[in-house]
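Engineer:
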Amino acid sequence: MDWSEDGIVVSVRPHGESSAVVELFTRTQGRHLGLVRGGRSKRMRPLLQPGNSVHATWRARLAEHLGQYTLEPAELRAAALMDDPTRLAALTTLMSHVQLVAEREAHERLHDALLIVLGALNEDDNWAPLMVRWELGLLEELGFGLDLAACAATGTREDLHFVSPKSGRAVSAAAAAPYKERLFELPAFLRGLPLPPPGPDAVQAGFALTGFFLERHVFAPRAMAPPEARDRLIRRLARL
Amino acid sequence: MSKRVVGPEIERLIQLMAKLPGLGPRSARRAALHLIKRREQLFTPLTKAMGDVLESVVVCGTCSNVDTCDPCTICADATRDAAMICVVEEVGDLWALERAGAIKGRYHVLGGTLSALDGIGPDDLNIAGLIERSSASEVEEVVLAVNATVDGQTTAHYITDRLEGQDVKVSRLAHGVPVGGELDYLDEGTLAAAVKARRPF
Chain A
1 MDWSEDGIVV
11 SVRPHGESSA
21 VVELFTRTQG
31 RHLGLVRGGR
41 SKRMRPLLQP
51 GNSVHATWRA
61 RLAEHLGQYT
71 LEPAELRAAA
81 LMDDPTRLAA
91 LTTLMSHVQL
101 VAEREAHERL
111 HDALLIVLGA
121 LNEDDNWAPL
131 MVRWELGLLE
141 ELGFGLDLAA
151 CAATGTREDL
161 HFVSPKSGRA
171 VSAAAAAPYK
181 ERLFELPAFL
191 RGLPLPPPGP
201 DAVQAGFALT
211 GFFLERHVFA
221 PRAMAPPEAR
231 DRLIRRLARL
Chain B
1 MSKRVVGPEI
11 ERLIQLMAKL
21 PGLGPRSARR
31 AALHLIKRRE
41 QLFTPLTKAM
51 GDVLESVVVC
61 GTCSNVDTCD
71 PCTICADATR
81 DAAMICVVEE
91 VGDLWALERA
101 GAIKGRYHVL
111 GGTLSALDGI
121 GPDDLNIAGL
131 IERSSASEVE
141 EVVLAVNATV
151 DGQTTAHYIT
161 DRLEGQDVKV
171 SRLAHGVPVG
181 GELDYLDEGT
191 LAAAVKARRP
201 F
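Rendered as structure tokens:
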């Protein structure tokens with residue numbers, strides 16, 4: 001059994017004295033682990049940092065085996081993020097989130113979107129809204145997607161400003177008026193409108209929205225706490 | 001099934017030695033045989049030394065270094081610069097810096113790094129002790145000598161946040177080209193960090 005594909009390094013665990021078990025997120029193989037012989041060597045350590053992209057070849061006698069990876073560098077992003085605490089917290093959060101998807105299950109859209117977010121983390125100041133969108137995509141891939149296309153009460157596709165915490169569906173401003181304090185704000189950048197880059201308040205509203213549904217549908221049922229890095233990221237974004 | 005060639009006591013010694021870093025079953029067998037051959041010169045003093053260390057080893061209540069006295073030799077050394085605390089992840093890092101002789105101050109061992117993936121949070125590390133120590137009036141600088149990894153730098157940023165508001169200078173080790181390193185063989189991340197951290201020459 002073997003395959004070759006590019007993957008994003010999600011995590012690395014030491015195995016013995018010189019090897020490592022590396023977790024990659026690939027487009028068609030999904031979240032996939034494998035043993036890297038010499039994975040703790042000086043040459044491999046810079047490569048095996050979360051967020052880096054690698055060319056991976058996986059080999060095993062049987063498909064269900066852990067198998068062995070042979071890795072070559074493709075795009076090393078992690079080092080450039082280490083100086084920036086906010087982006088580093090974002091990277092750590094993203095990698096924690098990737099671990100929520102089932103092993104060896106393809107999530108092609110999520111993978112492609114992750115590459116875009118990681119690229120933006122390195123090069124673009126407007127990465128935070130992309131990350132909110134990616135968290136929405138994660139919810140959808142996990143089977144808990146929000147319906148933000150039409151109002152849950154009236155069916156209208158216009159003037160959608162809120163999200164119901166009960167149904168996870170959008171609510172128009174008119175329908176939300178009597179009880180809008182109990183609803184989540186739906187930031188304009190999540191309504192798919194071609195708008196200028198969203199401000200910090202809109203990004204915070206976006207993270208509050210995704211955070212609530214991630215907690216309710218993903219973390220709580222698995223008896224997990226949300227990643228501490230996500231809280232740190234949100235606190236840092238609020239200070240910017 | 002392989003035939004037993006030595007008694008269970010020696011076999012047990014070999015099995016235990018094989019658990020040491022750098023030793024596999026074959027090298028453990030050779031080391032055990034070497035000890036047995038040199039009983040008086042090596043085996044007896046080694047056993048006594050190990051027993052002595054086992055009896056007396058303690059974790060320093062100040063910096064979490066391991067030593068046979070508390071406070072440890074470094075913390076008790078009056079010639080050390082009390083104005084500087086160098087923060088390291090593990091005792092092995094402290095020993096490495098001491099080999100280099102580059103730090104004249106004192107140390108603080110965190111006992112690991114923050115790791116979202118492994119579920120290691122601030123309460124699992126010796127960060128509270130560092131915050132308390134750095135609030136002392138004689139402390140002027142905290143040097144963050146943590147590894148240049150995602151987890152190491154996450155920990156460094158977290159500590160920097162926690163030290164905000166205290167009257168101490170926070171610095172960290174440089175990232176870049178190692179001595180003897182050839183640019184052609186360095187990874188892109190290290191090269192980019194080195195270029196970013198360039199300085200007037």
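One line per chain: the protein sequences are A and B, in this order.
The numbering of the first sequence is my numbering, which starts it at 1 and goes up by one.
The numbering of the second sequence is my numbering, which starts it at 1 and goes up by one.
For glycine and all other residues, C-beta sits at the position ideal for the given N, C-alpha and C.
According to a CB-to-CB cut-off of less than 8 Å, which residues of the segment 86-120 of chain A neighbour chain B?
Structural biologist: Of all residues in the segment 86-120 of chain A, Leu88, Ala89, Leu91, Thr92, Thr93, Met95, Ser96, Gln99 have a Cβ within less than 8 Å of some Cβ in chain B.
Engineer: Alpha carbon to alpha carbon, how far is A/Leu114 from A/Val9?
Structural biologist: Their Cα atoms are separated by approximately 12 Å.
Engineer: Pull up the DSSP beta-bridge partners for A/Ala170, would you.
Structural biologist: Bridge partners of A/Ala170: A/Val163.
Engineer: Just the Cα atoms here: how many angstroms apart are A/Leu100 and B/Asp187?
Structural biologist: About 30 Å.
Engineer: Taking the C-alpha atoms as reference points, what is the distance between A/Phe144 and A/Glu135?
Structural biologist: When rounded, the distance between both Cα atoms is 11 Å.
Engineer: Under DSSP, the beta strand (DSSP E) around B/Met84 begins and ends at which residues?
Structural biologist: B/Met84 -> beta strand (DSSP E) spans 81-88.
Engineer: Buried or exposed: A/Ala20, going by 16 or more other Cβ atoms within 10 Å of its Cβ?
Structural biologist: So A/Ala20 ends up on the buried side.
Engineer: Kindly list, in the order they appear in chain B, the residues whose Cβ is closer than 9 Å to that of A/Gly131.
Structural biologist: Before going further, note that residue 131 of chain A is Met rather than Gly in the sequence given. Ordered by position in chain B, no residue passes the 9 Å Cβ test against A/Met131, which lies about 15 Å from the chain.
Engineer: Just to confirm the assignment, what range does the alpha helix (DSSP H) spanning A/Glu64 have?
Structural biologist: Segment: none, A/Glu64 is in no alpha helix (DSSP H) and carries neither H nor E.
Engineer: For B/Val170, decide whether its Cβ has a neighbour in chain A, counting only Cβ atoms nearer than 9 Å.
Structural biologist: No, because no Cβ of chain A sits closer than 9 Å to the Cβ of B/Val170.
Engineer: Can you round the beta-carbon distance between A/Arg191 and A/Leu160 to whole angstroms, since I take them to be within the 8 Å contact cut?
Structural biologist: About 6 Å separates the two Cβ atoms, so the contact holds.
Engineer: Below 9 Å between beta carbons: does that hold for A/Glu23 and B/Leu114?
Structural biologist: Result no, Cβ atoms of A/Glu23 and B/Leu114 do not sit closer than 9 Å.
Engineer: Using a threshold of 9 Å, state whether the C-beta atoms of B/Ile74 and B/Glu98 are closer than that.
Structural biologist: Taking 9 Å as the Cβ cut-off, B/Ile74 and B/Glu98 qualify as a contacting pair.
Engineer: List the endpoints of the continuous beta strand (DSSP E) containing A/Asp231.
Structural biologist: Counting along the chain, A/Asp231 falls outside any beta strand (DSSP E), though it belongs to the alpha helix (DSSP H) covering 228-239.
Engineer: Is there a Cβ of chain A sitting closer than 9 Å to that of B/Tyr107, yes or no?
Structural biologist: Closer than 9 Å: no.
Engineer: Going by beta carbon distance, what residues of the same chain come within less than 8 Å of B/Val57, once the five residues before and after it are set aside?
Structural biologist: Closer than 8 Å at Cβ, skipping near neighbours: Val66, Asp67, Thr68.
Engineer: So what does DSSP say about A/Arg59, is it helix, strand or coil?
Structural biologist: Strand, per DSSP.
Engineer: Between which two residues does the beta strand (DSSP E) holding B/Tyr107 run?
Structural biologist: Where B/Tyr107 is concerned, the enclosing beta strand (DSSP E) stretches over 105-109.
Engineer: Under DSSP, the beta strand (DSSP E) around A/Phe207 begins and ends at which residues?
Structural biologist: Where A/Phe207 is concerned, there is no enclosing beta strand (DSSP E), although the alpha helix (DSSP H) it sits in stretches over 200-214.
Engineer: When you compare the CB of B/Leu130 with every CB in chain A, is at least one pair closer than 9 Å?
Structural biologist: Judged by the 9 Å Cβ criterion, B/Leu130 is not in contact with chain A.
Engineer: What is the rounded straight-line gap between the Cα of B/Pro45 and the Cα of B/Ile36?
Structural biologist: Cα-Cα distance, rounded: 12 Å.
Engineer: If the cut is a Cβ gap below 8 Å, which residues of chain B does A/Pro50 touch?
Structural biologist: Per Cβ cutoff of 8 Å: Leu117, Val150.
Engineer: Within 10 angstroms of its Cβ, does A/Met44 collect 16 or more other Cβ (buried), or is it exposed?
Structural biologist: With 16 or more other Cβ atoms within 10 Å, it is buried.
Engineer: Could you give the C-beta distance for A/Val203 and A/Val132, rounded to a whole number, given that I count them as a contact under 8 Å?
Structural biologist: So it is a contact: roughly 6 Å between Cβ atoms.
Engineer: At a CB-CB cut-off below 7 Å, which residues of chain B make contact with A/Glu228?
Structural biologist: What A/Glu228 touches in chain B: Ala116, Gly121.
Engineer: Could you compute how far the alpha carbon of A/Trp127 sits from the alpha carbon of B/Gly61?
Structural biologist: C-alpha separation (whole angstroms): 44 Å.
Engineer: Go ahead and label A/Phe213 buried or exposed: buried means 16 or more other beta carbons lie within 10 angstroms of its beta carbon, across all protein chains shown.
Structural biologist: Buried.
Engineer: Would you please state the rounded distance, in angstroms, between the beta carbons of B/Asn126 and B/Ser171? I believe it to be under 8 Å.
Structural biologist: Incorrect: roughly 20 Å between the Cβ atoms, too far for contact.
Engineer: Could you tell me the distance, in whole angstroms, from the CA atom of B/Pro25 to the CA atom of B/Gln15?
Structural biologist: About 7 Å.
Engineer: Leaving aside the five residues before and after A/Thr154 along the sequence, list all residues of the same chain whose C-beta is less than 8 Å from its C-beta, in chain order.
Structural biologist: Contacts found: Ser172, Ala174, Ala175.
Engineer: For B/Ile131, does the count of other Cβ atoms within 10 angstroms reach 16, so buried, or fall short, so exposed?
Structural biologist: Result: exposed.
Engineer: Within the same chain, show all residues whose beta-carbon is closer than 8 Å to that of A/Glu75, passing over the 5 residues directly before and after it, in chain order.
Structural biologist: Excluding residues within five positions, the ones whose Cβ falls inside 8 Å are Asn52, Ser53.
Engineer: In terms of residues, what are the limits of the beta strand (DSSP E) holding A/Val36?
Structural biologist: From DSSP, the beta strand (DSSP E) with A/Val36 extends over 30-36.
Engineer: Per the DSSP calculation, B/Ile120 is bridged to which residue(s)?
Structural biologist: Answer is B/Ser115, bridged to B/Ile120.
Engineer: How would you write the range of the beta strand (DSSP E) that B/Pro64 sits in, first residue to last?
Structural biologist: Correcting the residue type first, residue 64 of chain B is Ser in the shown sequence and not Pro. From DSSP, B/Ser64 is part of no beta strand (DSSP E); its letter is neither H nor E.
Engineer: Please report the residue range of the beta strand (DSSP E) in which A/Pro187 lies.
Structural biologist: Segment: none, A/Pro187 is in no beta strand (DSSP E) and carries neither H nor E.
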